[in-house]
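Student: Convert by adding 881 to the 1-based position in the first sequence; the result is the number in my numbering. Think of the CB as a built atom: it goes at the ideal place given N, C-alpha and C, for glycine as much as any other residue. Fair warning: this is a prediction, and the values are worked out from it, not measured in the lab.
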Amino acid sequence: MVPGKRLSREFFIRDALDVAPGMIGKNMIIRLADGTSAGFMVTEVEAYRGAEDKACHACRGRTSRTEIMFHEGGHLYIYLIYGMYWMLNIVTGQENCPQAVLIRGVENFPGPGRLTKSLGIDKSFYGEDIVTSERLWFEDSGVSTVFNTGMRIGIDYAGDYWKTRPWRYYI
DNA sequence: TCAGTGATTAGG
DNA sequence: CTAATCACTGAG
882 MVPGKRLSRE
892 FFIRDALDVA
902 PGMIGKNMII
912 RLADGTSAGF
922 MVTEVEAYRG
932 AEDKACHACR
942 GRTSRTEIMF
952 HEGGHLYIYL
962 IYGMYWMLNI
972 VTGQENCPQA
982 VLIRGVENFP
992 GPGRLTKSLG
1002 IDKSFYGEDI
1012 VTSERLWFED
1022 SGVSTVFNTG
1032 MRIGIDYAGD
1042 YWKTRPWRYY
1052 I
């Protein structure tokens, strides 16, 4: 691992269950409205793993919203929830394996809705390629972090089996 | 505990 | 076209 090095396509085209824990402790770099860039360590993520995962939006097929999840890893999947909050997800895996990792929190901004609101992340980031983007990307931090795992939040509708998968990773 | 809020989706 | 749903948050 090389501190300061941008995470590559190869990092993101792996399975969501490998990418998600790997995101913990990495730095999210974003170009702010004033033109400066800021970095925030990723503290909480969840994996959504393909068409069979009843909690994953892609389990109900390819729609205009889920389209990007069917592309290769390294793109952003952004959607609005409860009419108010943009959710920031990173597409993972190979083409036609619709997976994503939800960024639930970064340093200073815990909560998936709060971090996007605070950092100005919205629908305009949908489909962004974070391997080449100049406004949002991720870098190695050089830090290895201990983290916890647990059930994913807010997916009661997915049924017992999928609800209880320990696919939430957090510091 | 619970309302707010609007894009997205499935179904007529 | 309609109505239901929703990977959340902040106020009380």
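#1: What residues are listed by DSSP as bridge partners for Val987?
#2: Give the straight-line distance between the Cα atoms of Gly1035 and Ser1014, rounded to the nearest whole angstrom.
#3: Once the 5 residues before and after Tyr966 are set aside, which same chain residues still bring their CB inside 6 Å of it?
#4: What are the partner residues of Ser918, as DSSP defines its beta bridges?
#5: Should the region 973-992 be called in touch with the region 924-933, which here means at least 3 C-beta pairs below 8 Å?
#6: Taking contact to mean at least 3 C-beta pairs separated by less than 8 Å, is the region 906-914 in contact with the region 939-946?
#7: Excluding the five sequence neighbours on either side, which residues of its own chain have a C-beta within less than 6 Å of the C-beta of Thr947, listed in chain order?
#8: Give me the Cα-Cα distance between Asp934 and Val1024, rounded to the nearest whole angstrom.
#9: Would you kindly work out how many angstroms separate the C-alpha atoms of Ile905 and Ser918, rounded to a whole number?
#10: Span of the beta strand (DSSP E) holding Gly972?
#11: Starting from Glu891, trace the alpha helix (DSSP H) both ways and give me its first and last residue.
#12: Considering only C-alpha positions, which residue in the set Glu1009, Val923, Lys1004 is nearest to Arg1049?
#13: What does the alpha-carbon distance come out to for the pair Met882 and Leu1017?
#14: How far does the alpha helix (DSSP H) with Tyr1042 in it extend, from its first residue to its last?
#15: When we look at the beta-carbon of Arg890 and count the other beta-carbons within 10 Å, is it buried (16 or more) or exposed?
Tutor: Inspection of the coordinates gives the following:
#1: In the DSSP output, where bridge partners are listed per residue, Val987 has Val923, Phe990.
#2: The alpha-carbon of Gly1035 is positioned some 30 Å away from that of Ser1014.
#3: So the list reads Gly994, once near-sequence residues are dropped.
#4: Among the bridge pairs identified by DSSP, Ser918 is matched with Arg912.
#5: Segments in contact, yes.
#6: Segments in contact, no.
#7: Correct list, in chain order: His938, Ala939.
#8: Going from the Cα of Asp934 to the Cα of Val1024 covers about 31 Å.
#9: Cα to Cα, the separation comes out at about 20 Å.
#10: Before going on, a small fix: residue 972 reads as Val here, not Gly. First-last of the beta strand (DSSP E) with Val972: 966-973.
#11: Element bounds for Glu891: 890-893.
#12: The shortest Cα separation from Arg1049 among Glu1009, Val923, Lys1004 belongs to Val923.
#13: Cα-Cα distance, rounded: 20 Å.
#14: Segment 1041-1044, the alpha helix (DSSP H) holding Tyr1042.
#15: Under this definition Arg890 is an exposed residue.
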